[in-house]
Structure formats: C-alpha cells, structure tokens
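Sequence order for the protein chains is V and B. According to the numbering used here, the first sequence is numbered sequentially starting from 368. According to the numbering used here, the second sequence is numbered sequentially starting from 811.
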Amino acid sequence: MKAFRRVSVGNLLFTLFGVVWLIIGCYPVFYILTTSLRSQNGYLLGNPWVPPIHPTFQNYAQVIQSGFLRSFINSAIVSVCTVLLIVVFSLLLSYVVVRTRNRAVQTVFNWFVVGLAIPVQAAIIPVYILITKLGLYDTLLGMILPMVAFALPLSTLILVNFVRDIPNELYEAMGIEGANDFQIVFRLVAPLARPALISVAVYQFVQSWNNFLFPLVLTQSAGVRVLPLAIVQFQGEHTMDVPVTMAAVVFSAIPLFLAYIFGGRYLRQGMLAGFGK
Amino acid sequence: MDELGLLDRARPDLGDGCLVTDRMNLSRLLMMLPAVIFFAAFALIPMCVAVYYSGLNWSGVGSATWVGLQNWKSMLASGELWHSFWLTIALMFWCWVLQNPLGLVIGVFTAGAQRHRAVFGALYFIPLLFSSVAIGVTWSYILSPTFGLMDNLLKALGIGNGFENWLGNPHIALFVIACIISWQYIPFNALLYQSGVRQIPRSLYEAAMIDGAGPLRTFFSITLPQLKYTITTTTVLILTGTLTYFDLIYVVTNGGPGDATQVLAIDMYKQAFTNLNIGAGSVIAVVLAVFGLLLSIITLKFTGFNKMESQMEGA
C-alpha cells in the first residue's frame, strides 16, 4: 500500500511533466490555427494568447486568391509522382537484392547503404548543373528526379528488411505455377509487403511535400512554385500581416494532417524505420 | 550433349525461370536498372563531381578554369570556413543537449500503458507534420520583438523589458535556432525512445519490483542501460541531421545577424547560389560530405549496422 502511494505521487509529477510538454509542443500549433482566423486589426490589438472573439476566414480567401491553389497542385503532382517512382523502384530493387545471390547485386546494395550517408547538400551544386544541362531547370520533373534518387537508399533498406521475411516456400509455390519475376513481385511480394510499402509511401510523401532545398535551387517561376517556397515568398510580401501568413501555413499542411489522422500508424512506423533522415 | 542441353533448359522451365534459382537474369537486371540509374545519376555521381567542382573557378555559366587547390587554400585561410565549421559543431552540440534527454523522458512517458499517455503521444507528434519552413516562419513571428507572443508572455510575467530581439541578438541567435529545431524534433526522438522502451522485457521490471526498487532506481538501473542502442541511434540521427540543417535557418535568419548563424550548409548555399562561386561552394559541400561519412563510419565502428537494424525491426 505504501509503495503504491509513492508510485502514485511519482506518476502525478510525471503526468504534470507530460502536460507541460503538451503545452510547449501544441500551443504554437494552436497559435497558428487561432492567428489564421484573426483579422489583421485583431492581431495588432487583441490579446495574442486567447482565440479571436470574431473568427474570420478572410485570410484563407486571400491565400487562395494569391496563387496558393497553383502551388498546392504543384506540390501534389511532385509528391505523388515522387512517391510512386520511389515505391516501384525500391520494391523492384529490394526483390532482386533479396532473391539473387550474386556478387554484383550485393555490391550495388552496399553502395545504396553507403548512400544513406550522402547529405543532399553535398550533391546539390552538381545536381543543379546537371538539371540545368538536361533542360529541366524550373520544371516539376526537374525536382522529382533528384528527390526520387535521394529517397531510394532508405526506402530500399526498409523494404529489403521486410522482403527478407517472406518465406521461401511462397516463392517456390508461385514458381511451380510458372510465374515470372515481374508476376512474383506484383502478385506475391507487393501484397505481402503492403504495410512496409504504405509506411515508405506515407513517410516519403511527407518528406517530398515539405522538401525545400530542391525547389529552392531548381525552380524560380511562380508557375512551378511548390508550397514551402510559396510560404517564404508570401511571408516576404506580407511581412506585417501575420494572420494571413499563418493561414498560408495551415493551408499548406492540410494534406499532412489528413494523412496523420487516417494513416498515423503508418507515418510513425515509416519515421521509425526511416530514422527521420 | 543434346540431353544435357535439354536438361539445362528443362530445369528453369520447371519454375519458369529465375525464381526458385537465385541466379541473375535479364528480367532481374531490368528490375534493378531504374533504381540504380536514378541513384547513380542524381546522387552518387554528383557527390563525386562536387570534388571536381571544388577545383574550378566558375560561376555556373560560361567557361570554367581549373585552379587546382586554389579554392581550398583560400577557403581554409579566410577563416569563414572555420567560423561556419565551429558554428555547425556548436549547433550539433546544442541540438543534442536539448533533444536527447528530453526525448528520452518523453519517450518513457508515452511508452506507459495509460490511455491518456497514448493520446498525449499522438498530440506530441503534431509539430513533425509541418515543414521546417512553416515552423521557421511561425517561430520568427512568436519571437518577434514587435507583437511577438514570447515577449508578451515575459512582460506579463515581469521578466525582462518585453523587447528582447531573440533572433537579432548574435550572442543567442544560434541557441534560439537550436531551441526551435529541438522543439520540432524532440517528438521524433521521443518516438524512437518509446519504441525502445516497449522492447525492454517486462520480466526485468517485475524482478526490480520484487527487489523493492523505486521508479527512479528502476529507471537508472534498467530502463537507461537497456536503451543504450536507442541512445546511440538518436545521437547519430541528431548529429547527422544537424550537420546539414538548412531549411529553417535559411528562413529564420539566413545566417544572420551578421554571420552568427551561418553554419556550413548556409555558407555553401550562399557561396554557390548567391555569390555564384561554384568552386568555393563545392569546397564546403565536400567538407560536409566528408564530415557526414566520417560520422557514419565512426557510428558503424562503435555500434555495427546490425545492431541498429535489430533496433529498427522492433519498430
């Protein structure tokens, strides 16, 4: 009984700590949301700590009118294409790595593992020159190609670890039915590796949606601007109008909130497997 | 002879080639090709090309002249590179100090079985959903000396004059940046620790309870030692992540005030894309790459990749 009470006091303090961190962690997010619903005057005159008395969606209307829809679509195109290519390419490679006993294949895989340590910043200058020479500067495709390349090592590593666990008998069973390599990948490996594939996809979607360096270096015109760049541009144009910039921030994070609400488990798994790189 | 040839063809036919065997064939080569080409063309080869670029006098357009080690000599002599280097080390240090202990405690907290802790854990995750750019913009408003939330709070509490320019003060700007980065990434470290704690065998805790160990004692003699691989993992991730950290600093201070937050990644970007000095920028890029590879090699040496992998699988 005595021990139980001591634990309870400890628990209470620990819970208090949890609440404090909840405030530190979530209050700024709450601030973003409430500020985005303020009028410009309300921001300058009202108390910044409490939600506005007369919330307004005016800021969101302004955000959408100033070209954010275009950026939203650009971000969607880039992220969806990037994720599709990453998933297909790394799935195919991981199947070959797991199922082929060949020195060259293992060497390729080892290079991919080394590739985990390549920082994007170390290669960005030559990538910029290369994309320019390919005539892809200031295009959506020009962003997609290097994003896929830098996501491949991690995605492949995660999938290799997963595909390795598929029992040999299943491959043999399909082999007797006369399936070829491609049929095995798409009819056996892909369905079995579905949780890992979803984790890779959700994680890489967040990564490419929020990517900043590639768009910053590889694009310039408004027609191909993606959301993170649009926010910076927007902030520069509305330095004093905080509520409208906060509305832009919320607007750009909507898909990720939806992804977290409906696929939070996969996102967390993807982050754990992905080490947050 | 003929019989042998038939047999050779007959055997792959049994499983229609490839799959029961573990040999390389044309379709497998085709399967590997997209990933290998993308990785080589846009990651591996560019990294090597950066070494070549570091010996060029070039603005990115027009003709380039090979100047050998000239860029390296002038960069090492100028002091700018060293300044950025030490700032990067300092940022890595602060990020580690801020993120690791707090991430550990929060991870232990969210690993608890109580229902409310799971809800807290789900809410803690939210900052990770925003882009670094969005986080940077938000915090620069919160910390703004005019109408900023932070100064408003401190004034209400009677601390300071209420006009502290957090990001404009060269003495504290880097630390403030580290705090913002940590605010976003502590939940991620907590997530790693949470899964680490959940893998600790229950029997160890039961034994400790029988021995009458209190919660603090249990934490220091069971939880902490059992988490040593997770601690290594988070340390590596924080260090490698901070080494190349760019987005948020670019948005919040762009290296300023003066050059107080001009870490290597910012310095590289400015040299290559603002000053159009591809050679100098590439020198910094190579330094970053070598630094990153060294960190990874040291990690492998101390932990071994298998151990990191086995930690990962439990996730």
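Yeah, the Cβ is synthetic: ideal placement off N, Cα and C, and Gly gets one too.
- Fewer than three beta-carbon pairs drawn from the region 956–969 of chain B and the region 1047–1061 of chain B are found closer than 8 Å, and the two stretches are therefore not classed as touching.
- The C-beta of V:Phe439 comes no closer than 9 Å to any C-beta of chain B.
- Taking the Cα of V:Leu460 as reference, the smallest distance to any Cα among V:Phe553, V:Trp576, V:Gly603 is reached at V:Phe553.
- Pairwise C-beta distances place the region 1006–1022 of chain B out of contact with the region 985–994 of chain B, as fewer than three of them are shorter than 8 Å.
- Chain B places a beta carbon closer than 9 Å to that of V:Phe579, counting this residue as a contact.
- When secondary structure is reduced to three states using DSSP, V:Trp388 falls in the helix class.
- In this chain, the alpha helix (DSSP H) harbouring V:Glu604 covers 594–604.
- Within 10 angstroms of the beta-carbon of V:Ser375 lie fewer than 16 other beta-carbons, which makes it exposed.
- Around the beta carbon of B:Ala1095, 16 or more other beta carbons lie within 10 angstroms, which makes this residue buried.
- In the three-state DSSP reduction, B:Thr875 falls in the strand class (E or B).
- Looking from the CA of B:Tyr862, the closest CA among B:Gly878, B:Thr1043, B:Leu854 belongs to B:Gly878.
- Per DSSP, the continuous alpha helix (DSSP H) segment holding B:Arg838 begins and ends at 836–849.
- Judged by DSSP in its simplified three-state form, V:Leu400 adopts helix.
- Ranked by how close their Cα comes to the Cα of B:Thr1071, the residues B:Pro997, B:Phe930, B:Ile899, B:Leu886 have B:Ile899 in first place.
- Counting of Cβ neighbours within 10 angstroms places B:Gly1051 among the buried residues, the total reaching 16 or more.
- Each of V:Thr606, V:Pro513, V:Ala560, V:Asn469 was checked against the Cα of B:Met857, and the nearest Cα belongs to V:Pro513.
- Ranked by Cα distance from V:Gln550, the first of V:Leu458, V:Phe397, V:Asn378, V:Ala428 is V:Leu458.
- Interface flag for B:Leu939 against chain V is set, since a Cβ pair is found closer than 9 Å.
- Flagged as an interface residue toward chain B: V:Met638, by a C-beta distance shorter than 9 Å.
- The three-state secondary structure of B:Asn867, taken from DSSP, is strand.
- B:Ala921 sits in coil when the DSSP states are folded into three classes, being neither helix nor strand.
- Counting only runs that start and end inside the region 510–561 of chain V, the alpha helix (DSSP H) elements of at least 4 residues fall at 535–543, 548–551.
- A buried status is given to V:Val556, since no fewer than 16 other beta-carbon atoms sit within 10 Å of its beta-carbon.
- By the Cβ neighbour-count rule, B:Phe930 is buried, with 16 or more other Cβ atoms within 10 Å of its own.
- V:Asn547 and B:Asn835 have their C-alpha atoms spaced approximately 11 Å apart.
- Under the three-state reduction of DSSP output, B:Leu1098 falls in the helix class.
- V:Trp478: member of the alpha helix (DSSP H) spanning 470–482, first to last residue.
- Only exposed fits V:Leu508, as fewer than 16 other CB atoms lie within 10 angstroms of its CB.
- Neighbourhood of B:Tyr1015 in chain V, by CB distance below 8 Å: empty, with the nearest CB roughly 12 Å away.
- The beta carbon of V:Val450 sits closer than 8 Å to the beta carbons of Ala568, Gln571, Phe572, Ser575 from its chain, once the five residues preceding and following it are set aside; these are given in chain order.
- Only residues of its own chain outside the window of five on either side were considered, and among them Gly958, Leu959, Met960 have a CB closer than 8 Å to the CB of B:Ile952, listed in chain order.
- Counted as a single uninterrupted DSSP element, the alpha helix (DSSP H) harbouring B:Trp882 occupies residues 880–888.
- Per the Cβ contact rule, the region 1070–1085 of chain B is in contact with the region 880–896 of chain B (3 or more Cβ pairs under 8 Å).
- Proximity of the region 559–568 of chain V to the region 472–480 of chain V falls short of the contact definition, fewer than three beta-carbon pairs being nearer than 8 Å.
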